[in-house]
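Below: one structure, written as structure tokens.
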Amino acid sequence: MESNLRPTPAVKPVAPYLGGKSRLAARIIERIRAVPHDHYVEPFVGMGGVFFRRPFTAKCEVINDLNRDVSNLFRILQHHYVAFMDMLRWQLTSRDQFERLLGATPDSLTDLHRAARFLYLQKTAFGGKVRRPGFGVSLGPARFDVQTLGSTLEDVHQRLSRVVIECLPYREVLTRYDRPETLFYLDPPYWGCEHDYGAPFARSDFEALATILAGLKGRFILSLNDRPEVRETFAAFKIESVETSYSVAAAAKGRGRVGEVLISKP
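Per numbering that gives the first Met the number 0: the sequence shown = residues 0 to 265.
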């Protein structure tokens with residue numbers, strides 16, 4: 000199958016996210032470009048660290064995240080961009096505002112307010128942590144500056160114009176969109192960090208994921224941290240070692256050069 004990818008401007012993700020792939024995106028995008036595909040699907044999109052940085056688009060594109068805050072933010076940017084920008088202009092970067100928004104119950108908010116809350120917290124929390132975020136202390140410019148953020152949000156709004164946005168379990172996404180011409184890029188929670196991403200994912204899901212991937216009609220690229228358990232679980236596939244570094248770690252020992260793997264069909 001010949002590739003039908005079309006060039007499009009790469010877009011900066013709107014906010015940091017745990018496991019956001021900023022240091023690995025270029026290599027992953029090279030692998031994606033090399034696989035001919037008409038349909039491109041990300042079952043664990045997060046803030047789109049790979050999706051938005053691709054300088055090309057497929058005929059059909061689907062992004063999914065079971066974290067409702069993520070999917071809601073992208074739907075708001077897709078359909079209600081002007082109203083969302085009006086709301087953001089009233090937000091301030093302050094510890095009091097951060098604590099007030101953190102204490103709000105997301106399900107009690109309108110979709111617009113929920114999206115504003117989530118974006119504000121991701122921009123001001125340390126390292127874009129999803130669970131138990133702490134207010135990031137920086138000597139640089141305020142990180143929630145609508146004047147500078149506005150151009151990025153507009154770019155994302157335009158990039159999402161033809162994208163399908165889902166909020167489904169990964170199993171359903173893989174089943175629903177599996178075609179011979181589909182390429183899935185999967186960036187699930189890292190082994191050992193399953194509960195840090197604001198959506199249900201258990202250790203047993205890695206085994207389930209390996210089983211589903213083995214039966215796909217389409218192609219896939221899966222990125223994970225390099226652990227013996229990961230290599231054992233996905234031993235039936237091609238495993239490529241890559242080295243990167245994390246910008247966020249729970250402790251100093253988590254920083255520095257680390258190993259990751261890119262997994263695909265043999």
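Where a beta carbon is used, it is the ideal one built from N, C-alpha and C, also for glycine.
S21 counts as buried, since at least 16 other C-beta atoms from the protein chains shown sit within 10 angstroms of its C-beta.
With fewer than 16 other Cβ atoms inside 10 Å of its own Cβ, G149 counts as exposed. DSSP places N71 within a helical segment (H, G or I) once states are collapsed to three. If you look at T181, you'll find it in the beta strand (DSSP E) that goes T181 to L185. Non-local beta-carbon contacts of R26 in its own chain, meaning distances under 7 Å to residues more than five positions away in sequence, involve V241 in chain order. DSSP places L23 outside both helix and strand once states are collapsed to three, so it counts as coil.
The DSSP-derived three-state label of S107 is helix.
Between G47 and P12, the CB-CB gap stays under 7 Å. Cβ neighbours of E239 within its own chain (closer than 6 Å, five residues either side excluded): L261. About 6 Å separates the CB atoms of F236 and K264; that is less than 8 Å, so the two are in contact. About 6 Å separates the beta carbon of E180 from that of H36, a gap short enough to meet the 8 Å contact definition. Taking a C-beta distance under 7 Å as the contact criterion, I220 and R30 qualify as a contact pair. For W89 and I164, the gap between their C-alpha atoms comes out near 27 Å.
The C-beta separation of D110 from I75 comes to about 6 Å, placing the pair in contact by the 8 Å criterion. Setting aside the 5 residues that flank it on each side, H38 is surrounded in the same chain by A57, K58, C59, E60, V61, Y176, R178, E180, T181, L182 and G217, each with a C-beta closer than 8 Å to its C-beta; the list follows chain order.
Beta-bridge pairing by DSSP links R218 to L182. By the C-beta density criterion, P187 is buried, having at least 16 other C-beta atoms within 10 angstroms.
Per DSSP, Y39 is one residue of the beta strand (DSSP E) stretching across H38 to E41.
E206 and T232 have their alpha carbons spaced roughly 6 Å apart. T151 and M84 have their C-alpha atoms some 12 Å from each other. Minimum Cα-Cα distance from R52 among the listed residues Q77, D95, T7 and L17 corresponds to T7.
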